Structures are given as C-alpha cells and as structure tokens.
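In the working numbering, the protein residues as written are 290 to 882. I have placed the structure first, in the form of structure tokens, so that the comments after it can refer back to it.
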C-alpha cells in the first residue's frame, strides 16, 4: 500500500489532473484512502496568472476518521431495522455506518436496494429488488450518501387498519356534521316559526286595534253627531221659544240661560276634538311664560265651583302646601289639564257629592319645583275593565254613562297627553260606585324674577271708558259682537274691515289717536299678523308702543306664538269672553276705576 506522498504523487501525474493546466476552468478533486484508515482530500485547478497547477489537500488522520465514523454509528444505534427500517451511511462506495451491523464495511455496489435507490435518487420511491419491493430514499449530506429503506410489507402492513380508522373517523365527523346541520336547521325553523307566529300575532293585534279604532271612531262620529246636534237643537229651540214669548221677560231670561249653557257645551266639544287632533299629530307647542299658580287655580276653581254649585256638589280645598307660586311654563295647557280632571269630577259625580282638592310642592332643586295635584271625588267611579281603557281616545264606560253624562271619551286622553307633554305623570285609583282619585305630578321652572305678591279676594273693577280702540274684523257678526263688548263699557270704536284698511287707518290718524288695537287674524286682503308687522314698522313713535291684541278662533299655542312673533301683545280666543276682553285692555293700559 503506497504512502500518502506516493499516492498523492501518483494522482498528480494523471492526465486528467494535467488537463487543469491547459483548461483553467476545470477542477479535479478526489479522496484518497490510505491503508491505515486515514484519508486525503485533494483538489487541483489550473493557474490563471501563468501556466501551472495549484494543488490543495487535507490529511485526515486514521484515528479522527475512526472517531467520526463511530460518532455517526452511535447516532444510528437507536434505530431498530425491523421497526424503523434500514439506515446506512456510505462514503466513497463503502458503508461506514448503519443500524444493521451486517452491512458495515460492505461496498454499495454489492447491495441491490442501494443500487435501485441510486437510480431513483432525490425522491421517495417503491423499488423492485428480485421480485420484492422496498420503500426508500437516497440523500446526499456533505461527502456522504444516506440510504433509508424498508420492505413494502412493513410500510403497508398497517394501511388497512389505518384506512379503517380514517374511514371511521370520517364517518363520525360526517355524522357529527349532519347532526349539527340538522340541529341548526331545526333551530332555524323554530326561530322562523316563532317569528312568523309573532308577526301573525302582531298583524292580528294591529287588525284588532284598527278594528277597535274604526269602531271607536264610528261610535265617536255617531256620538259627536248626537252631542253636537243636541246643543245646536237647544240653541235653535230656545230661540224659537224666545220668539214665541217676546213680552215674557222671565221666559226670555230662561231661554238665554239655556242658550248660553248649550253654547258652552258645544264649544267644549269642539275644543276637545281640536285639542286631541293637535296632541295626536304632535303639533302642540308648550309656552315658556311667567304665571302665578294661585291665580291660575282661582280661575279654574271659579268655573268648577259654579258648575258644582248647580248640582249641589261641595268643592273642598285641603293642604295647599306651596312655597313657590311664581312659575314659568305653559299656563294654558295646565289650565286645560286641570279643567279636564276637575270637570270630570263634577260631571261624573253624584248630586250633593264632594270634590276634595289638594296641592303640594314636593321639592325644588336647580331652579325647578315639583308639584303634586290630587283631585278626589265621590262620584260613580269606574269598572276595572274601563280603567284599562280610560286613556284610549273615544272610549266611555258604557252606553248608560255615555247618554247620561254626554262624555266624548276625549277628556282623559287629552289630560294624559298634556301631562306627558309637560314632562309629568298622571295616575288614578277608582272603585265603582264610590268615586275616583286622580294624581298629577308636574315640574315647573321657578320664576325668580317675580316677587311673591299678596293676593286679595277683591280686584279693582276694570274700566275702558273713553278708551280709543281701532277694531279690525272682516266678519259683520263678529264685528257687531266685538263692538258691543267694548262700546257697552264706554270705549270709542273706529272700525276697519281688513288688515290693509287697518294699516291705512292707523297711518293716517295723528300720533296717539288710538290707545289699543283689537285685530282679527284671518282676514282677506291682508291678514292680522302681516298688518301688525306693517304697523310696527311705521316711522312713528306710537307704532312701536300701542298694544295690539289678537282676536282669533285659532286657540292653540303655536297660533299664539305666531301672533307674538308678528308683534302682537296678547292673544284672545273666540268666542270672546267680555270680562276677559275688558280685563286684557286695562292690563296693557294700566287703567282701573
């Protein structure tokens, strides 16, 4: 066996190495194994600067080579050929390590499986060896070749079992999926059925409500036809009776009294219908004006006590515990609310019964005060069934109550909507045959700018004697009534029949010729609001200061706001109350007897 130097010299003398000098792009490398187990790795290439060959080599001692081989062998020692397959590492065609001891030292060219794997290098293959098959792979790692293979019988022995397990798992997964889908479908169908049922019920409920509303409206129209015709019949009938007895003063007074009552009833019916229409459409606009709560209550009680006196009903005032009387709010709506509740307490009371009223201020904070108003009567009360429907429009207890008390079925719905609009609440307790108690809670702003003034039972009598009034009205009957109201009290009246004529009359008159203007709102040629604006715009001192008082059949808050915006000072609703007309004029003129 040649030494390392001899072996290296022999290789360098070969023509293939000498070709590297002639062809610099060529290189030659080889591992030389020596007899003692050492090896030399050499590489040769041609020089590019001048003719010649550069040779580099690395000598690996035998002891190092054996140690390295043992290290590789130790890595494979834990793999069992029967269960893990055969693993071998070859170097230069010689098996240097394997988990099968019998193969160590064998040449790879004598191993059929290795040769078959060489032919199919680079991927996993099933190779045929002498009518037997092996499944394996060949890889190259640095200077070594690694072969791993196993008989096909071992590779595919567990295949049927694995396929069975996989198929069983697939079936279980599929079954679970179908169960899940089935449950989801059942749940979805249940939800859809519930939705459909809920929708059906809502449609039925809406249909029931629509039918009930139609029935209620039909009954309401029938009742309103009766209720409206009744006072009209009374008015026409009493006029006929009065004409029949022209010289009987007692009969004339009796007829006038009945005509007045019938007119008030007709006005009440019309107001309730109009109020309900405004509330239903959301067109109600609350005022923000100063008022004195005690004065407002006195005005309401004046009317209620008069109605109660006619039937011998006693009105008792208890527990009026109030600290702040001067408030800011919507007094018109509050008055209507209290009139509805106390009016019902009179209407549905027993003859010679009682009405007990109380008012208390519960608390006040942040400039707001909270009030509780209680109205208790000893009337006919309500059934439990009707108590559920009391706040529904056009509903009454029954036909007997409807006929006996002339109810429209709008009083309580109006009261509830007014209360809610003002930010309060309304509740009640009632027992058939014993009476009803209504409780209303409302918040109001405290009017800190107004001082608490003492109230006297006697007020100075208002006087408009000698007051010069420009009266603007397009309707002859209304003009006659308005003129009578003020002229009868001693006022001097100048008439204008539309807004344009009023502006011209005022403009032509000298300054200070008129003390006050009473102006209708809805007129031809020019309406009252436009006329008020043009008068205020005239270049004269009294145009800015003269009181302009609106007279109109439009009695809602938004109508009052429009007249105020037009420059009018006050708003009187038709039909005109003579005392209120006189009182309003004197309020702005500061006059009294």
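Glycine included, every Cβ here is placed at the ideal spot set by N, Cα and C. Quick caveat, the model's predicted, so the values are computed rather than measured.
Considered as a whole, the segment 755-819 harbours 757-761, 781-785, 805-809 as its complete beta strand (DSSP E) runs of no fewer than 3 residues, in chain order. Between residue 524 and residue 559, the C-beta gap is not smaller than 8 Å, which leaves the two residues out of contact. By the criterion of at least three beta-carbon pairs nearer than 8 Å, the segment 718-725 is in contact with the segment 664-673. When DSSP assignments are scanned along the segment 300-334, the uninterrupted stretches of alpha helix (DSSP H) that are 4 or more residues long and fall wholly within it turn out to be 304-311.
Residue 831 carries a helical assignment under DSSP once its states are collapsed to helix, strand and coil. Judged by beta-carbon spacing, residue 582 lies beyond the 8 Å limit of residue 607, meaning their Cβ atoms are not closer than that value. Setting aside the 5 residues that flank it on each side, residue 333 is surrounded in the same chain by 306, 309, 317, 342, 344, each with a C-beta closer than 6 Å to its C-beta; the list follows chain order. Judged by DSSP secondary structure, residue 704 falls within the alpha helix (DSSP H) whose first and last residues are 700-710. By the criterion of at least three beta-carbon pairs nearer than 8 Å, the segment 784-803 is in contact with the segment 821-832. For a cut-off of 8 Å, the C-beta gap from residue 623 to residue 585 is around 6 Å, short enough to register as a contact. Here residue 810 has 816, 817, 818, 839, 840, 841, 843, 848, 852 as same chain residues with Cβ atoms under 8 Å from its own Cβ, once five neighbours each way along the sequence are excluded. Taking residue 611 as the centre and dropping the five residues before and after it, the same chain places the C-beta of 582, 583, 648, 649, 650, 660 closer than 8 Å to its C-beta, in chain order.
Residue 392 places its beta carbon 8 Å or farther from that of residue 371.
The beta-carbon distance between residue 384 and residue 397, rounded to whole angstroms, is 6 Å. This is short enough to meet the 8 Å contact definition.
If you look at residue 607, you'll find it in the beta strand (DSSP E) that goes 603-610.
Taking a cut-off of 8 Å for Cβ pairs, the segment 633-641 and the segment 587-606 touch, as three or more such pairs fall below it. In this chain, the beta strand (DSSP E) harbouring residue 651 covers 643-654. When the beta-carbon positions are compared, residue 812 and residue 857 stay at least 8 Å from each other. Only buried fits residue 613, as 16 or more other CB atoms lie within 10 angstroms of its CB.
By the neighbour-count criterion, in which 16 or more other beta carbons inside 10 Å mark a residue as buried, residue 866 falls on the exposed side.
Taking the Cα positions, residue 365 is about 5 Å away from residue 388. By the criterion of a C-beta distance shorter than 7 Å, residue 517 is surrounded in its chain by 555, 558, once the five residues flanking it on both sides are discounted. For residue 867, the enclosing alpha helix (DSSP H) has its first and last residue at 867-878. Under the DSSP assignment, residue 373 falls in the alpha helix (DSSP H) whose first and last residues are 370-373.
Put simply, the backbone Cα of residue 297 is about 10 Å away from that of residue 303. The shortest C-alpha to C-alpha distance from residue 679 to any of 662, 478, 855, 702 is the one to 702. In the structure shown, the three-state DSSP call for residue 399 is helix. Note on residue 477: under 16 other CB atoms within 10 angstroms of its CB, so exposed under the neighbour-count rule. In chain order, 520, 523, 524 place their CB closer than 6 Å to the CB of residue 551, counting only its own chain and leaving out the 5 sequence neighbours on each side. Counting along the chain, residue 434 sits inside the beta strand (DSSP E) bounded by residues 433-440. In its chain, beyond the 5 residues on either side, 775, 780, 781, 782, 783, 803, 804, 805, 806, 807, 874 have a beta carbon closer than 8 Å to the beta carbon of residue 758. Residue 860 counts as buried, since no fewer than 16 other beta carbons sit within 10 angstroms of its beta carbon. DSSP places residue 347 outside any alpha helix (DSSP H); the residue lies instead in the beta strand (DSSP E), whose first and last residues are 342-349.
With contacts defined by Cβ atoms closer than 8 Å, residue 644 and residue 592 do not form a contacting pair.
In this structure, DSSP gives residue 631 a helical state, which the three-state scheme calls helix.
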